[in-house]
Structures are given as C-alpha cells and as structure tokens.
Amino acid sequence: MSRRLAVMAHYDHRGGVGPHVRRQVETLASAVDRLLVVSTADLTDRSRAWLGERAELVERPNYGYDFTSYQVGLHRAGLFGRGDLSSYDEVVICNDTYVPVTPYLAIFDRMAAEPVDFWGLTVTDRVAPHVQSFFVAFRPWVVGSQTYRRFWSGLDPLSTRRQVILRHEVGLSLGLHGAGFRSGAYFRETDADKRLARRRVRWWAAHRPGVSRSREGLEKLRERSREPWNPAAALADRALDNGRLPFVKLDTLRYDPYGLGADKLLTYCEERLPDAFAGVRDFLDETAAYYPPRPHEKLRSTPPALVPLRRQVEYRRAP
Numbered sequence: 001m002s003r004r005l006a007v008m009a010h011y012d013h014r015g016g017v018g019p020h021v022r023r024q025v026e027t028l029a030s031a032v033d034r035l036l037v038v039s040t041a042d043l044t045d046r047s048r049a050w051l052g053e054r055a056e057l058v059e060r061p062n063y064g065y066d067f068t069s070y071q072v073g074l075h076r077a078g079l080f081g082r083g084d085l086s087s088y089d090e091v092v093i094c095n096d097t098y099v100p101v102t103p104y105l106a107i108f109d110r111m112a113a114e115p116v117d118f119w120g121l122t123v124t125d126r127v128a129p130h131v132q133s134f135f136v137a138f139r140p141w142v143v144g145s146q147t148y149r150r151f152w153s154g155l156d157p158l159s160t161r162r163q164v165i166l167r168h169e170v171g172l173s174l175g176l177h178g179a180g181f182r183s184g185a186y187f188r189e190t191d192a193d194k195r196l197a198r199r200r201v202r203w204w205a206a207h208r209p210g211v212s213r214s215r216e217g218l219e220k221l222r223e224r225s226r227e228p229w230n231p232a233a234a235l236a237d238r239a240l241d242n243g244r245l246p247f248v249k250l251d252t253l254r255y256d257p258y259g260l261g262a263d264k265l266l267t268y269c270e271e272r273l274p275d276a277f278a279g280v281r282d283f284l285d286e287t288a289a290y291y292p293p294r295p296h297e298k299l300r301s302t303p304p305a306l307v308p309l310r311r312q313v314e315y316r317r318a319p
C-alpha cells in the first residue's frame, strides 16, 4: 500500500471554504495518509473548524503566493527537521485553484506505474517545459535529494504572479530536470488534442491586442500563433471527455483566457459533471469582485472575417 503526504495551499477572500474546495479536501484526504492544509485566509470560525476536522490546518499571513504555503507545509511536515519525508512513496503539493473531476485514487493508481521521478496533472512548454504547479507529486528519491531540499530552503517569497511562475513554477522543474530527474503528466495529449490546441492558439493570437496591419504586425501574429499552449485553458473541455483532463481551472472559467467561451464551458460542465460542479457557479459569482479582469490578458473583439471560424475552436460539449 502506497503512503502519501499532501500539502494543499488554500485562500479565500471571504475566509470560507468553497464547495469545490470542500470536495477536494475530502477526496484528497481519503487518498493520502497525511494532509496539511496551509491557509492564508482570515478564516471564519466555522471554516477553521471544518478544515481542522479533515486535515492538519496551518494558518499563516497572506504573502508569497502558493509556493510559500507549500514551503511552510513541507517544513511543518518535517522536510528540514527530524522527519524523513522520503519515507513516503509520494509527496504532493497542490492548491485550491481548480475543480477536480477525476478521483485522486484513480490518478495515483495510474501514475504509480509511470517511469518518472515527479509528475503533475499537466505539463506545458510555455516559457520552458515544466510541470504545472497547482498539482505536483514527487517520488521519495526526489524528496530526499539535495536539489529538492535546496530549492525549498532557498525559496524567497515573491510579490507578483509572473515572478512566481518564472522563478518558482518553472524553476522547480528546471532544477529537477537539471539534476537528471524525469517528469511526466497524467493528462496525455493526443494528436487530435494538439491540432485543436494549435488552432485555438491561432485564434487567441488573432484576438490579442498590439497587432497592426503592417509587415511587422503580421510577423508578430505569426510568432504568437506558434507559441506553446497552456492545456488548462486551450484544452479545458477535455475534462468532459470522461475526465481525461482531470480538472477545470477556475481561472479558465473566470477569465476565458483564449476567448473560447468559458460561459458555455461552465454550462457543459454542470450538465456532464453535476456533482463536481455543484455550487461552483455561485462561488464564481460571489467572489467575482475579488478577481477583476487582468488588463494584460484582455482580448479584442472578434474581427468579422473570423466570426465563421469560431465554431471550429470554441469549447465543446464532447470531443
């Protein structure tokens, strides 16, 4: 029987625990031997009691983003003390920014046979090839390595989301890859997935601001069209394909970063996955004021010439 430790980063502007987070905590707790929830929220008494009954609750000030919560949780679990975390078959870090649609035990069971040293739900080549950090599992020989310990001991809190992605999310994978460790992912993109994702990147590129009708503008458009995709956004509807993509990110539903129709995606998820998405729409509505649009991600309206092409790229009920 495999032994697992999980550290989960939590935040809620209201001090609560969203319905999807409650389900995540309960299902993750049933799939691991020890679960620490590190919360940076100003928790209500009710939320504090609920979390404390299902996990080891660690509360800390709200700074440093999820990686600081991961660091605090790993430290509390014993990474830098007397505890030997390499005695676990897997050590997991994850956050509460997604709606799980596939049972964690099924995910762990399938990945147990994969010849990798650390893995996530998804990987991307954006910036550099890396495991996306909202869920990463590490084998014991990685956890026991000096590379792993140096990363977490040298981690400094950062003040912007962009810095966290570049230095912490990408940096973690780069450091482990540089030490010879191999990575993998639960979600496996098919050739059809890749073709669709490329079309969706082109759609996204055509809607991003800053492209003029000049030679330079056309070259910039071509360059953007060749960018690697984020599977959490470009292939979000693969969650409707029997949970092949085992989650849907809240940011995809909030921001529709590729302009593919997140409102429809949420409706399709509610139809196909009613248990997983119960209460998610209300949660998004109730917290919308805390998540204003990101100016750098704002897309232009669809040019008239591209309107007929929308059906080829928008989110679908089924593949």
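Residue numbers (the UniProt record's numbering): 1 to 319.
Note that beta-carbon positions come from the ideal geometry of N, C-alpha and C, so glycine has one too.
query: If you run the structure through DSSP and keep just helix, strand and coil, what is W229?; result: coil
query: Would you call L35 buried or exposed, if buried means 16 or more other Cβ atoms sit within 10 Å of its Cβ?; result: buried
query: Would N62 and T40 be called neighbours here (beta carbons separated by less than 7 Å)?; result: yes
query: Can you name, in chain order, every residue of its own chain whose Cβ lies under 6 Å from the Cβ of V91, other than the five neighbours on each side?; result: L5, L85, F138, V143
query: Do the segment 1 to 18 and the segment 56 to 75 meet, that is, are 3 or more Cβ pairs less than 8 Å apart?; result: yes
query: Between V136 and I165, is the Cβ-Cβ spacing less than 7 Å?; result: no
query: Any idea if S133 is buried or exposed, counting beta-carbon neighbours within 10 angstroms, 16 or more meaning buried?; result: buried
query: Tell me, please, which residues DSSP counts as bridged to E59.; result: S39
query: Could you tell me if the beta carbon of D45 falls within a distance shorter than 6 Å of some heavy atom in the ligand ATP?; result: Questions concerning the ligand ATP fall outside what the structure shown contains, since it holds no ligand whatsoever.
query: Using the rule of at least 16 other Cβ atoms within 10 Å of the residue's Cβ for burial, across every protein chain shown, is H296 buried or exposed?; result: exposed
query: Can you tell which of G279, Q163, W141, R167 has the C-alpha that lies nearest to the C-alpha of F151?; result: R167
query: Anyone know if the C-beta pair for P246 and I107 falls short of 7 Å?; result: yes
query: Taking buried to mean at least 16 other C-beta atoms within 10 Å of its own C-beta, is E169 buried or exposed?; result: buried
query: Going by DSSP, which residues form a beta bridge with C94?; result: M8, F135
query: Taking the alpha-carbon positions, what's the A55 to S145 distance?; result: 27 Å
query: Using the rule of at least 16 other Cβ atoms within 10 Å of the residue's Cβ for burial, across every protein chain shown, is V131 buried or exposed?; result: buried
query: In angstroms with no decimal places, state the Cα-to-Cα distance between K264 and D96.; result: 22 Å
query: Buried or exposed, going by whether 16 or more other CB atoms sit within 10 Å of the CB of S47?; result: buried
query: Taking all protein chains shown into account, do 16 or more other C-beta atoms lie within 10 angstroms of the C-beta of D33, making it buried, or fewer, making it exposed?; result: exposed
query: Would the beta-carbon of A179 fall within 7 Å of that of T147?; result: yes
query: Under the rule that 16 or more other beta-carbon atoms within 10 Å means buried, what is E189, buried or exposed?; result: buried
query: Between G184, D256, G279, which lies nearest to V21 when the distance is taken from Cα to Cα?; result: G279
query: With which residues is F118 paired in a DSSP beta bridge?; result: F138, S183
query: Per DSSP, H130 is paired with what?; result: T124
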